[in-house]
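Asker: Counting in the working numbering, the sequence shown runs from 310 upward without gaps.
Glycine included, C-beta positions come from ideal geometry on N, C-alpha and C.
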Amino acid sequence: MANDQTHLVRPSERKRETTQTPGMEREQAVRTPSMWAGVAKTVGHTFSGWHHHGAYESAIYVLRGRIRLEFGKGGKDVLEAAAGDTLYVAPGEIHREGNPDDEASEIVVVRGGSGDIVTNVDGPAAD
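(1) Could you round the C-beta distance between residue 408 and residue 358 to whole angstroms and report it? I think they count as a contact, below 8 Å.
(2) Any chance you could list the beta strand (DSSP E) runs of at least 3 consecutive residues sitting entirely within the segment 341-380, in chain order?
(3) How is the beta strand (DSSP E) around residue 405 delimited, first residue to last?
(4) Is the separation between the beta-carbon of residue 331 and that of residue 380 shorter than 8 Å?
(5) To the nearest angstrom, how far is it from the Cα of residue 310 to the Cα of residue 371?
(6) When DSSP labels each residue in this structure, what does residue 421 get in the three-state scheme?
(7) Just the C-alpha distance for residue 375 and residue 411, rounded to the nearest angstrom, thanks.
(8) So what does residue 329 bridge to, in DSSP terms?
(9) Starting from residue 398, trace the beta strand (DSSP E) in both directions and tell me its first and last residue.
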């Protein structure tokens, strides 16, 4: 079935062959030329590696657990979100997500844009 037709994606049909970032497991549900949607899980007391999403902007809904988002100069800006909260990540923003709790966290991610879905990097510039 073509991605641009109305369809249903069950959890067992999500693709794990999408680009991954250490510390986080992404599962792609839908990808079109201008949108990506899926879920990501992070085990307790783990941070993802530093990365950005190129030209994509992202809306992240916290389904369960908590997420700590680090970004900005030197990664010193911090947002903490709990179940029910939504985060917005601007295109090109170098960031990493962390799970400060014992239990795994799960997020639903919808991205609008085009190009590579994720680029792993060493970290944000200090200045």
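Answerer: In terms of the structure at hand:
(1) Between residue 358 and residue 408 the Cβ distance is about 14 Å, and since that is not below 8 Å, they are no contact.
(2) 344-351, 366-373 and 375-380
(3) 404-408
(4) no
(5) Confidence is the limiting factor: at residue 310 the pLDDT is only 47, short of 50, which leaves the residue's position unreliable, though a coordinate-based value still follows. Roughly 29 Å between the two C-alpha positions.
(6) strand
(7) 10 Å
(8) In the DSSP output, where bridge partners are listed per residue, residue 329 has none listed.
(9) 395-398
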